[in-house]
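A.B. asks: Chains as they are written, first to last, in full-length UniProt numbering: chain A, 1 to 186; chain B, 1 to 186. Ideal placement from N, C-alpha and C gives every residue a C-beta, glycine not left out.
Protein chains: 2
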Amino acid sequence: MMDTMPRKPIARDAVLDAFEALLIEVGERAATLDAVAKRAGVSKGGLLYHFPNKEAMISSLLERMDGLAALDIEAMKAAPEGAAAFFIKSSLWADTPLDRVFVAATRLAEVAHEETRRRFAGIQQQWLDVLAEEVGPEMAKAVRYMGDGLYFNAMLEGGAGDTEAKASARSADVGALLAAVERLRN
Amino acid sequence: MMDTMPRKPIARDAVLDAFEALLIEVGERAATLDAVAKRAGVSKGGLLYHFPNKEAMISSLLERMDGLAALDIEAMKAAPEGAAAFFIKSSLWADTPLDRVFVAATRLAEVAHEETRRRFAGIQQQWLDVLAEEVGPEMAKAVRYMGDGLYFNAMLEGGAGDTEAKASARSADVGALLAAVERLRN
DNA sequence: GTCTATACAGAGATAGAC
DNA sequence: GTCTATCTCTGTATAGAC
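(1) Could you check how far apart the C-beta atoms of PHE152 of chain A and TYR151 of chain B are, in whole angstroms? I think they sit under 8 Å.
(2) Which of the three DSSP states, helix, strand or coil, is assigned to THR116 of chain B?
(3) To the nearest angstrom, how far is it from the Cα of ALA14 of chain A to the Cα of ALA40 of chain A?
(4) Taking only three categories from DSSP, how would you classify ASP99 of chain A?
(5) Hey, how far is the Cα of ASP148 of chain B from the Cα of GLY149 of chain A?
(6) Quick check: what's the CA-CA separation for GLY82 of chain B versus GLU110 of chain A?
(7) Considering only residues of the same chain and omitting the five flanking positions on each side of MET155 of chain A, which have a CB-CB separation below 6 Å?
(8) Distance check for VAL143 of chain B and VAL42 of chain A, CA to CA, integer angstroms please.
(9) Would you verify that the beta carbon of PHE102 of chain B is, or is not, closer than 9 Å to some beta carbon of chain A?
(10) Mind listing the chain A neighbours of ARG185 of chain B? Cutoff is C-beta to C-beta under 7 Å, in chain order.
(11) Counting only beta-carbon atoms, is VAL36 of chain B nearer than 9 Å to chain A?
(12) Counting only beta-carbon separations shorter than 9 Å, does ALA19 of chain A have a partner in chain B?
(13) At the 9 Å Cβ level, is THR32 of chain A part of the contact set with chain B, yes or no?
(14) Can you tell me which of A:THR116, A:ALA35, A:TRP127 and A:SER90 puts its alpha carbon nearest to the alpha carbon of ARG64 of chain A?
(15) What separation, rounded to the nearest whole angstrom, lies between the Cα atoms of ALA172 of chain A and ALA180 of chain A?
(16) Buried or exposed: LYS141 of chain A, going by 16 or more other Cβ atoms within 10 Å of its Cβ?
(17) Return the Cβ separation of ILE10 of chain B and ARG100 of chain B in integer angstroms, given the expectation that the two are a contact with Cβ distance under 8 Å.
(18) Where do the ends of the alpha helix (DSSP H) carrying ARG39 of chain B lie?
(19) Which residues in chain A have a C-beta closer than 7 Å to the C-beta of ASN153 of chain B? List them in chain order.
(20) Under 7 Å Cβ to Cβ from LEU177 of chain A, same chain only, skipping five residues before and after it: list those, please.
(21) Would you verify that the beta carbon of LYS54 of chain A is, or is not, closer than 9 Å to some beta carbon of chain B?
(22) In whole angstroms, what is the alpha-carbon distance linking GLY158 of chain A and LEU61 of chain A?
(23) Can you list the residues of chain A that GLU28 of chain B reaches, using a CB-CB cut of under 9 Å?
(24) Give me the chain B residues within the contact set of GLY158 of chain A, using Cβ-Cβ distance strictly less than 9 Å, ordered along the chain.
Dropping the structure here:
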């Protein structure tokens, strides 16, 4: 019974993790098959056994994103502090699996990858819907763009540069944003 | 007298315009020397006469960005509707020279280009300073992130996809953001 | 100043051994 | 399932003609 359960091959996940990390740290261009394989500890041929081509690897990453985003939306709906406050807090880069896959996917979206853009749009719309229930459609947009701005800045810094210092600066900013959200709620 | 004035060669600017346009429309990876040369109507060799290598082309683009950003900061300070409202309005994609060079540079920043990131940080700080004078340091951050979010979304769409429809949707969003700014001001 | 031709490296992908 | 070897294409850059 137990061994009939579909089990995810660990090598496959390791490759996907490596791809994600390289996208975050060095950008789309440097996330080559060679680099991903090396980081995952396999050969290029080994990598291409799991993912027949690069596009397949991207698709799997987007699947991962959608799965994690769905969990996030549920948590947002159930958040005791309210959806808006939850949204702002979770827009801060915290190196969570969702944060990571989001920033990684953003690197692909910049590169005119249509499928990635579509997925983003879908998730953003869900966020907006939940926010609108709490603060109304108008203020939901303000909150949404604040969160997007936070993400934009996390993305611009990526894994390079003074992540520690800048991250704590943005962390302080969250306080200001939460105060702003509080004002908008009334 | 007139002909002793340093005059910018037009071919050089045409190359830079082409590079910028390709970054916006098809992303960093597709903005190759071949593609830029073709779009500018010169050969690759001709291009490389003006810019000895690709990095030189990037540097010139960043110079352009800093120059236009400086003008924008001045306009923001002098804006009759206030710096915050001016900032939100001008964060909307309007295909201005500053908008264009900004989105183009963002494509480079995603690719872990350190110099580009530094320039961005400098400009953002200037914006924040001006905003803080008007609405205080806390609310300035809220306004700033809203503007960044607007830019983030413009960038995600780039020149591809339904720019017309989505752009007008974001245009409507600006109304909501201005209302939010008005609330935050009080 | 702008062109063509070419060198050179890196990237994605295939073939086939183990 | 994972490896090495290799093919092909594309991108940056140089050399030198015009």
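C.D. replies: Reading off the structure:
(1) Sequence index remark: in the first sequence, residue 152 of chain A carries index 152 (1-based). Sequence index remark: in the second sequence, residue 151 of chain B carries index 151 (1-based). PHE152 of chain A to TYR151 of chain B, Cβ: 7 Å. Contact.
(2) For the purposes of this step, residue 116 of chain B is identified with residue 116 of the second sequence, where counting begins at 1. In the three-state reduction of the DSSP assignment, THR116 of chain B falls in the helix class.
(3) Reading the first sequence from its first residue, position 14 is the one you call residue 14 of chain A. Reading the first sequence from its first residue, position 40 is the one you call residue 40 of chain A. So the two alpha carbons sit approximately 6 Å from each other.
(4) Within the first sequence, numbered from 1, the residue matching residue 99 of chain A stands at position 99. It is helical.
(5) As a working mapping, residue 148 of chain B is identified with position 148 in the second sequence. As a working mapping, residue 149 of chain A is identified with position 149 in the first sequence. CA-to-CA, the gap between ASP148 of chain B and GLY149 of chain A works out to about 4 Å.
(6) Position 82 of the second sequence, counted from the first residue, corresponds to residue 82 of chain B. Position 110 of the first sequence, counted from the first residue, corresponds to residue 110 of chain A. Distance between the alpha carbons of GLY82 of chain B and GLU110 of chain A: 32 Å.
(7) Position 155 of the first sequence, counting from 1, holds the residue named residue 155 of chain A. Here the set comprises VAL103 and THR106.
(8) As a first step, residue 42 of chain A must be located in the first sequence, where it is residue number 42. As a first step, residue 143 of chain B must be located in the second sequence, where it is residue number 143. Cα atoms of VAL42 of chain A and VAL143 of chain B: separation of roughly 46 Å, rounded to the nearest angstrom.
(9) Taking the first residue of the second sequence as 1, we reach residue 102 of chain B at position 102. By this cut-off, PHE102 of chain B is not an interface position.
(10) Position 185 of the second sequence holds residue 185 of chain B. Among the residues of chain A, none has a CB under 7 Å from the CB of ARG185 of chain B; the nearest is roughly 10 Å distant.
(11) One-based indexing of the second sequence puts residue 36 of chain B at position 36. Using beta-carbon distances, VAL36 of chain B does not count as an interface residue toward chain A, since no partner is under 9 Å.
(12) In the first sequence, residue 19 of chain A corresponds to position 19, counting from 1. Correcting the residue identity first, residue 19 of chain A is Phe in this sequence and not Ala. Taking CB atoms only, PHE19 of chain A has no neighbour in chain B less than 9 Å away.
(13) Stepping through the first sequence from its first residue, residue 32 of chain A is reached at position 32. Answer no: the Cβ-Cβ gap between THR32 of chain A and chain B never drops below 9 Å.
(14) Within the first sequence, numbered from 1, the residue matching residue 64 of chain A stands at position 64. Of the candidates A:THR116, A:ALA35, A:TRP127 and A:SER90, the one whose C-alpha sits nearest the C-alpha of ARG64 of chain A is A:THR116.
(15) What you label residue 172 of chain A is simply residue 172 of the first sequence in a count that begins at 1. What you label residue 180 of chain A is simply residue 180 of the first sequence in a count that begins at 1. Straight-line Cα distance between these residues: approximately 13 Å.
(16) Here residue 141 of chain A is taken as the residue at index 141 of the first sequence, counted from 1. Burial call: buried.
(17) The sequence position of residue 10 of chain B within the second sequence is 10, counting from 1. The sequence position of residue 100 of chain B within the second sequence is 100, counting from 1. Contact doesn't hold; Cβ gap of about 18 Å is too wide.
(18) The residue you call residue 39 of chain B lines up with position 39 of the second sequence. Looking at the DSSP string, the run of the alpha helix (DSSP H) that includes ARG39 of chain B is 33-40.
(19) Your numbering for residue 153 of chain B matches position 153 in the second sequence. Residues of chain A passing the Cβ test: ASP148.
(20) As a first step, residue 177 of chain A is located in the first sequence; it is residue number 177 there, counting from the start. Within the same chain, LEU177 of chain A has close Cβ partners ILE88 and MET146.
(21) For the purposes of this step, residue 54 of chain A is taken as the residue at position 54 of the first sequence. No, LYS54 of chain A lies away from the interface with chain B (no Cβ there is under 9 Å from its Cβ).
(22) As a position in the first sequence, residue 158 of chain A is number 158, starting the count at 1. As a position in the first sequence, residue 61 of chain A is number 61, starting the count at 1. Each residue's alpha carbon lies about 18 Å from the other.
(23) Mapped onto the second sequence, residue 28 of chain B falls at position 28. Simply GLY27, GLU28, ARG29, GLU110 and VAL111.
(24) Your numbering for residue 158 of chain A matches position 158 in the first sequence. Neighbours of GLY158 of chain A on chain B, chain order: ALA109, GLU110, ALA112 and ARG117.
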